[in-house]
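Engineer: Here it is, the structure, as structure tokens.
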């Protein structure tokens, strides 16, 4: 079975872990820490740094994907499901890029780079609720969780039900 470029495989799994960590951190640590708590600045630095790294790695991943040979889309014998599989991958890319962009816009509107990265002795905003990009960031995070769940479910379906070896295309080594 044709496989993805090894760099794409490595980026896929690295980004999967990084995205999950960033989503959990945003939904638990950041959400649960008041902006008046000094620990919030450290948490924001970690979350924002992870988001910037994810965005940079996604650009690299997209460039490698566009320039390298890739296996054809999975064909499971059902046109609509085949199209949904392709659409899912585009949706994941779009959601991750939108998440990063909405995070950058939120941070800039709130003045976070100066506070978080450059040590400006300024308080964090009381909250981020009035920032539309922050609202989008929250909605996109929920969409991203849904897309990830569907992506994992589809992978498990191929691996455990269909047993078609599709998983090996995005795994390390020579595959099956």
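Numbering (full-length UniProt numbering), first residue to last: 1 to 176. Every residue gets a Cβ at the ideal spot worked out from N, C-alpha and C, and that includes glycine. Keep in mind it's a predicted model, so treat the numbers as computed, not measured.
1) Hey, could you find the ends of the alpha helix (DSSP H) residue 97 is sitting in?
2) So residue 43 and residue 30 are in contact, right, with Cβ under 8 Å, and what is the actual spacing, rounded?
3) Using a Cβ cut-off of 8 Å (strictly closer), state whether residue 118 contacts chain B.
4) For residue 11, count neighbouring C-beta atoms within 10 Å of its own C-beta (all shown protein chains included) and say buried if the count is 16 or more, exposed if not.
5) In chain order, what residues of the same chain have a beta carbon less than 6 Å from the beta carbon of residue 122, not counting five sequence neighbours either side?
6) Just reading off the alpha helix (DSSP H) that residue 21 is part of, what are its end residues?
7) Which residues bound the alpha helix (DSSP H) around residue 42?
8) Does the stretch 85-96 come into contact with the stretch 39-53, if we say contact requires no fewer than three beta-carbon pairs (one atom in each stretch) closer than 8 Å?
9) Any heavy atom of the ligand NAD closer than 7 Å to the Cβ of residue 69?
10) Starting from residue 149 and walking both ways along the alpha helix (DSSP H), at which residues does that stretch end?
Structural biologist: Taking the structure as given:
1) 79-110
2) 6 Å
3) The chain labelled as chain B is not found in the depicted structure, where only one protein chain is given.
4) buried
5) 115
6) 6-24
7) 39-67
8) no
9) Of the ligands one can find in the structure shown there are none, so the ligand NAD has no counterpart to examine.
10) 132-156
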